[in-house]
Amino acid sequence: MSSDVVVEAKNLSHVYSNGIVALNNINITIRRGEFVALIGHNGSGKTTLAKHINGLLKPTSGQIIVHRMDTREVSVADLAKKVGYVFQNPDHQLCMKTVWEELAFGPRNLGTPEDEVKQVVDEILRLFGLERYRDVHPFLLSRADRLRVALCSVLTMRPETLVVDEPTTGQDMRQSYEVMEILKKLNKEGRTVVFITHNMRLVAEYAERCIIMKDGKVFMDKPTREALTDFEKLRQAQLKPPQVTILSARLANIGFHEPALSVNEFVENVKAFLNNKYKSL
Ligand SMILES: Nc1ncnc2c1ncn2[C@@H]1O[C@H](COP(=O)(O)OP(=O)(O)O)[C@@H](O)[C@H]1O
Ligand SMILES: [Mg+2]
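Under UniProt numbering, the first residue of the sequence shown is numbered 1, with each subsequent residue one higher.
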């Protein structure tokens, strides 16, 4: 296994005790520094796969190697030093009486000395503009802020890899972009980020690569542009490309070369198109 591989699933399957085959022979490799969107229709197996990356669930068959550890052979605590997992529902994660204690919980569990805990918690609170909530009970915060606290409480463990399950559900568009900008910044600093979302606009604008799940299988694993412009495959996976991508693809017959993934890109395409048109007049 090459040193820059952080996640490698080999013939990974997971069958829940009720007989549901949630993962069916998954093979994926994720490398250090990637920014990956894990997408798919409800029930396609995204959360089950995410929980295998942090060892909360173990393979029924096959294996998954995470930061060179076979998840069946190491504890969740050992994996937590490398992989941070932010739950789909922040309320499943928050358990302390104040925001400060919540952020300190993870590093304390890892045995971090108390002066370092204080340093990292204060730093992350400052970074996220959450200082004013330091003594507030997490459950008194809005859902958007609870989610940020959940994300921060993972970041205080300084994980190299971050898996975030539906970080923007229940957030408005501005808050969604805020969360995505934070993930982008963490990725730019060198962390590997895997995020799950239903918001295809965010996938288009942030992910470098899309792993599309369907019925417990990897249905497509491609760079974002390729994945989101294959409308037929997306339809089969019951996913819709961003509206601007559909619109720009419809304009192909009047000279648009490539479907746009974002509104900004669309605007650039329009400018180029008009420049060309006037040049030829
Ligand atoms: N704890 C569980 N026990 C039994 N079946 C489950 C459990 N969690 C999820 N499933 C089933 O496994 C399949 C995949 O679920 P999940 O991984 O949550 O999908 P997604 O996150 O893509 O919506 C679904 O059919 C779901 O009903
Ligand atoms: Mg899910």
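Just so you know, even glycine gets a beta-carbon here, dropped at the ideal spot from N, CA and C.
Only a predicted model underlies this, so the values are computations on that prediction, with no experimental measurement involved.
Quick check: what's the CA-CA separation for residue i versus residue j?
i	j	result
alanine 22	glutamate 160	27 Å
valine 218	asparagine 269	32 Å
glutamine 119	glutamate 101	13 Å
lysine 240	arginine 108	43 Å
leucine 251	asparagine 276	15 Å
leucine 56	asparagine 42	20 Å
glycine 143	phenylalanine 105	Looking at the sequence itself, residue 143 is arginine, so the reference to glycine does not match. Taking the straight line joining both Cα atoms gives about 20 Å.
phenylalanine 87	leucine 162	11 Å
arginine 32	asparagine 187	10 Å
phenylalanine 273	serine 248	12 Å
aspartate 230	isoleucine 53	28 Å
aspartate 122	arginine 158	14 Å
phenylalanine 266	histidine 257	11 Å
glycine 62	glycine 255	48 Å
serine 44	lysine 214	5 Å
residue 362	leucine 49	Residue 362 lies beyond the residue range present for the chain, which begins at 1 and ends at 281; the question has no answer from this structure.
Is residue i buried or exposed, if buried means 16 or more other CB atoms sit within 10 Å of its CB?
i	result
tyrosine 85	buried
glycine 19	exposed
arginine 191	buried
proline 59	buried
residue 327	For residue 327 there is no data in the structure shown, the boundaries of the chain being 1 and 281.
histidine 14	buried
cysteine 95	exposed
glutamine 236	exposed
valine 83	buried
glutamine 238	exposed
Which one of the options has the shortest CA to CA distance from residue i?
i	options	result
asparagine 89	Thr224, Pro167, Arg32	Pro167
valine 7	Thr245, Met69, Val117, Pro138	Met69
lysine 81	His92, Met96, Thr112	Thr112
leucine 228	Gln238, Pro242, Gln236	Pro242
residue 322	Thr98, Ile28, Val5	Any question about residue 322 goes unanswered here, given that the chain covers just 1 to 281.
So that I know if they touch, is there some Cβ in chain D lying closer than 8 Å to that of residue i?
i	result
aspartate 145	Although the question refers to chain D, the structure presented lacks it and comprises just one protein chain.
>> Extract the residue ranges of the alpha helix (DSSP H) inside the region 215 to 269, only unbroken runs of 4 or more that lie entirely within it.
In response: 224 to 228, 231 to 236, 243 to 250
> Is it true that the region 163 to 181 meets the region 193 to 213, where meeting means three or more beta-carbon pairs spaced less than 8 Å apart?
Replying inline: yes
> Touch check for the region 197 to 217 and the region 246 to 266: three-plus C-beta pairs under 8 Å?
Replying inline: yes
>> Please give the ranges of any beta strand (DSSP E) in the region 123 to 195, keeping only runs that are unbroken, at least 3 residues long and fully inside the region.
In response: 161 to 165
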